[in-house]
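Working notes for the structure below.
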Amino acid sequence: MLPEEYVIKSNALFTANEHEPHPGYVYVEGNEIVEVGTLEELEEHPRVGVKVIDVGDNLVMPGFNDAHMHFALASVQHDPDYCVDLLFAESERACLDRVRDFDETHPGDGWIYGWGWYSAVWDNPIDPSKEGLDSLGIDRPICLDDFSMHVAWLNSKALEMVGITKNTPDPEGGIIRRDDEGNPTGILCEPAATDIANNVVLNVPDLKASLLKSMKRLNSLGITSVGDMHPLGVANEGVYETYQQIADNDEATLRISFFPDMTDVEAAKAERAKHHGDMVRCGGLKLISDEAVEAYTAYMAEPYLNAPEGPGYRGECVYSQDELDEIVDRAVAAGFNPRIHAIGDGAASMILNSYEKALAKYGRKGTRYCIEHGDNFKAEDIERLADLNGCFAIQPQHPIGGFPEGLYPIILGKERTSHMWRYREMLDGGITLGLSTDWPAVMSINPIDTVYAAVTRSDFKGNPPEGYYRNNALTLGEALQSHTQGSAYIEGFESRIGTLEEGKLADIVVLDCNPFELDIMDLRKASVAMTIFNGRVVYEKN
0 MLPEEYVIKS NALFTANEHE PHPGYVYVEG NEIVEVGTLE ELEEHPRVGV KVIDVGDNLV
60 MPGFNDAHMH FALASVQHDP DYCVDLLFAE SERACLDRVR DFDETHPGDG WIYGWGWYSA
120 VWDNPIDPSK EGLDSLGIDR PICLDDFSMH VAWLNSKALE MVGITKNTPD PEGGIIRRDD
180 EGNPTGILCE PAATDIANNV VLNVPDLKAS LLKSMKRLNS LGITSVGDMH PLGVANEGVY
240 ETYQQIADND EATLRISFFP DMTDVEAAKA ERAKHHGDMV RCGGLKLISD EAVEAYTAYM
300 AEPYLNAPEG PGYRGECVYS QDELDEIVDR AVAAGFNPRI HAIGDGAASM ILNSYEKALA
360 KYGRKGTRYC IEHGDNFKAE DIERLADLNG CFAIQPQHPI GGFPEGLYPI ILGKERTSHM
420 WRYREMLDGG ITLGLSTDWP AVMSINPIDT VYAAVTRSDF KGNPPEGYYR NNALTLGEAL
480 QSHTQGSAYI EGFESRIGTL EEGKLADIVV LDCNPFELDI MDLRKASVAM TIFNGRVVYE
540 KN
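Under numbering that gives the first Met the number 0, read the sequence shown as residues 0 to 541, first letter to last.
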């Protein structure tokens, strides 16, 4: 517990207004920062009677802000009382054992839900079927989503519960896999099919409980704010109202800026009217314009090298240019910040076309023209986005997943792969970066891991030692600033959070060391010693 007023002093104060720490202090009163200064100023004008917390050489910084995640879905999938954890299971047998253990420790007659399996890395890399799950003898419907959420594995009971039979046609855009006799195998592919089951199993009976557990977990990692992106992933109605209820009950230990579907501006306006406080707020709108390189569904400026569709295929944008122009126009006209997913450089160029038209029509109103991901981005488009005062929500763990040296050179060629994830060029070009994870679709939610990835471009085992195209890496100071101030800017929330300065909300993290004194390959040794949210301690190590 902390008193109403206190001072935190450190030999390494990182305010996020600059790229290096310095000796200094932060003076907190209630839930706000009322003063920030040097240690010399504190000695000259001591705060008589005010508690002083001296953390020595440990770094003091703003709370981390994960600018792009799917908070409700991730909270459910990481709730051990609701979801079977199938991450890193090495075989079908390992998955079945985890399901059996969950059934024994969580008895009942309701659904069993699991997430995270990935058959491509199994000892026997063959997709499973309903027979494996049926062999457990569990008389409950079972639905297990793979890591990508594009494939679901069901038992016979689950197929029966959702009405999938031999005579059920494939939904448009989805696949119900069948055996030689036409019977469903238990594998559903693509959201149009997986949602048949997920819309049932992911209507979570006690979503609030999962959210509260998740908040505490994120606090332990120094996260005090998140950007919650459409799609929500869960099937519950009133998710934003649940966030608000938690805040109104004084249970919130996390600020949530949410970004609903850009294609329904009227619904978003209603949400914005209800949620506009410091705890829960509608920060803008989200749209998906293309999908992923590995599925040949990212819309590229140049053709894929080996697309199944044949030579010349570049993928497809979800919308025509005219349609995209209209969607962006409606959003900006209504005063929303647009955030559009683009993996392909062709999609990114189309988005910039729409953004430039909106700027020309409505002028600079403080609108945050943001692109999500931006894995592939033309060098000439960096200047275009900078001219818009634009920004990027990036996921630095994406470049370290092995794709640069594996799949992507085959699909795009080594030259194009070497220019993916242009973080250095973007920042130097005047674009604001906000760091994020896209949780749950990520190896780690820990922001220190995200910072490590941004700085080293090496995987968590330190490979390759020279990093994947480290010429586009960020410095430690830039990465920390982007994970705090940059994320707040993207969310249109920088007037209240993101830096340590007078008038900002008291969301503060104390690390257990000064990472600026570590070799960059050792950054993951750092951890959080204390997290302060809204002026209160919400996590303390040991």
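Beta carbons are placed, not taken as given, at the ideal position from N, Cα and C, and that holds for glycine.
Between residue 511 and residue 526, the C-beta spacing is below 8 Å.
Following the DSSP letters along the chain, one finds residue 408 inside the alpha helix (DSSP H) bounded by residues 406-411. DSSP places residue 481 in no alpha helix (DSSP H); its state is neither H nor E.
In the three-state reduction of the DSSP assignment, residue 278 falls in the coil class, being assigned neither a helical nor a strand state. Of the candidates 268, 133, 462 and 517, the residue whose Cα lies closest to the Cα of residue 330 is 268. Following the DSSP letters along the chain, one finds residue 51 inside the beta strand (DSSP E) bounded by residues 50-53.
In the DSSP annotation of this structure, the continuous segment of the beta strand (DSSP E) that includes residue 60 starts and ends at 58-61. Annotation: the continuous alpha helix (DSSP H) that includes residue 214 extends over 206-219. Residue 345 is a Cβ neighbour of residue 298, given a cutoff of 8 Å. Between residue 473 and the set 454, 462, 485 and 484, the nearest pair of CA atoms involves 454. Secondary structure note for residue 260: it is in no alpha helix (DSSP H), with a DSSP letter that is neither H nor E. Taken in chain order, the unbroken stretches of alpha helix (DSSP H) that lie wholly in the stretch 384-455 and span 4 residues or more are 406-411, 413-416, 422-427 and 446-455. Distance from residue 227 to residue 255 at the Cβ level is roughly 5 Å; contact confirmed, criterion being Cβ atoms closer than 8 Å.
Listed in chain order, the alpha helix (DSSP H) elements of length 4 or more contained wholly in the stretch 53-130 are 70-76 and 91-104.
With respect to the C-alpha of residue 182, the residue from 164, 194, 350 and 134 having the closest C-alpha is 164. In this structure, the straight-line span from the alpha carbon of residue 74 to that of residue 445 is close to 14 Å. Burial state of residue 0 is exposed, judged by a 10 Å Cβ sphere holding fewer than 16 other Cβ atoms.
Of 129, 304, 309 and 314, the smallest CA-CA separation from residue 296 is found for 314. Per the coordinates, the alpha-carbon of residue 65 lies some 35 Å from the alpha-carbon of residue 175. Relative to residue 135, the option among 118, 146 and 154 whose CA is nearest is 154. Secondary structure note for residue 312: it is in no beta strand (DSSP E), with a DSSP letter that is neither H nor E. Contact check for residue 201 against residue 233 passes: the beta carbons are separated by less than 8 Å. Secondary-structure assignment with DSSP links residue 504 through a beta bridge to 31.
Here the stretch 420-432 makes no contact with the stretch 43-60; the two share fewer than three CB pairs at distances below 8 Å. Residue 286 sits in a strand when the DSSP states are folded into three classes. The beta carbon of residue 406 is closer than 7 Å to those of 293 in its chain, skipping five residues each way along the sequence.
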